[in-house]
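Colleague: Going by UniProt numbering, the sequence shown opens with residue 1, and the numbers climb by one from there. Ideal Cβ positions, reconstructed from N, Cα and C, are used throughout, including at glycine. Treat the numbers as computed from the prediction; the structure is a model and nothing was measured.
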Amino acid sequence: MTTTAVVGTSPIAFTRNSDGGQMIVPLSALQFDGSTYIVNQAWSTVFTDPQDQTTLVEVAKARAAAGELTSAPPTSSSGAGSATQSGGVPGTNPTTAAGAPATGGAGGGQ
């Protein structure tokens, strides 16, 4: 199964089991594997107490249930997309609002 990144507005903080200290973990330490949270392989060595890893996942589940975390949207393989702007870009239209040609400036004829 493909894993996806976890997105939200702030890192996850919890109390470590091993020494009672506070641990603050960025969301990049987690991934979704289907609908399950897992600790990113690069972060698994940070946790010396397996209970801390379990606590991180449980806190992530609670924050997801509260709507604070979600999986990252799928990335588009087509690049930047094809969004276009309708109408002109302000300041580039050579006519006035009434449709008459703009006057003045270099080569204005007067």
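Cα-Cα, which of F32, P26, N17, Q22 is closest to P73?
Modeller: Mapped onto the sequence shown, residue 73 falls at position 73. If we check each option's Cα against that of P73, F32 comes out closest.
Colleague: Strictly by DSSP, which residues pair up with Q31?
Modeller: Looking up residue 31 in the sequence shown gives position 31. The partner list for Q31 (beta bridge, DSSP) reads A5, I38.
Colleague: In the DSSP assignment, what are the bridge partners of T70?
Modeller: For the purposes of this step, residue 70 is taken as the residue at position 70 of the sequence shown. Beta-bridge pairing links T70 to V7.
Colleague: Label A62 either buried or exposed according to how many other C-beta atoms from any shown protein chain fall within 10 Å of its C-beta, with 16 as the threshold for buried.
Modeller: Residue numbering aside, residue 62 sits at position 62 when the sequence shown is read from its first letter. With fewer than 16 other Cβ atoms within 10 Å, it is exposed.
Colleague: Can you tell me the Cα-Cα spacing of S10 and N17, whole angstroms?
Modeller: Numbered from 1 along the sequence shown, position 10 holds the residue referred to as residue 10. Numbered from 1 along the sequence shown, position 17 holds the residue referred to as residue 17. Those two C-alpha atoms are separated by around 22 Å.
Colleague: Taking 6 Å as the cut-off, is the C-beta of G21 nearer than that to any heavy atom in the ligand NAD?
Modeller: You won't find the ligand NAD in this model; it holds no ligand whatsoever.
Colleague: In this structure, does DSSP put S18 in helix, strand or coil?
Modeller: On the sequence shown, residue 18 is found 18 positions in, with the first residue counted as 1. Coil, per DSSP.
Colleague: Hey, out of T48, L30, F47, whose CA is closest to N40's CA?
Modeller: Within the sequence shown, residue 40 is the residue found at index 40, counting from 1. The candidate whose alpha carbon is nearest that of N40 is L30.
Colleague: Please report how far the alpha carbon of S82 lies from the alpha carbon of L69, in whole angstroms.
Modeller: Position 82 of the sequence shown, counting from 1, holds the residue named residue 82. Position 69 of the sequence shown, counting from 1, holds the residue named residue 69. With a pLDDT of only 45 at S82, under 50, the local geometry of the prediction cannot be trusted, and the value read off the model is given with reservation. Straight-line Cα distance between these residues: approximately 29 Å.
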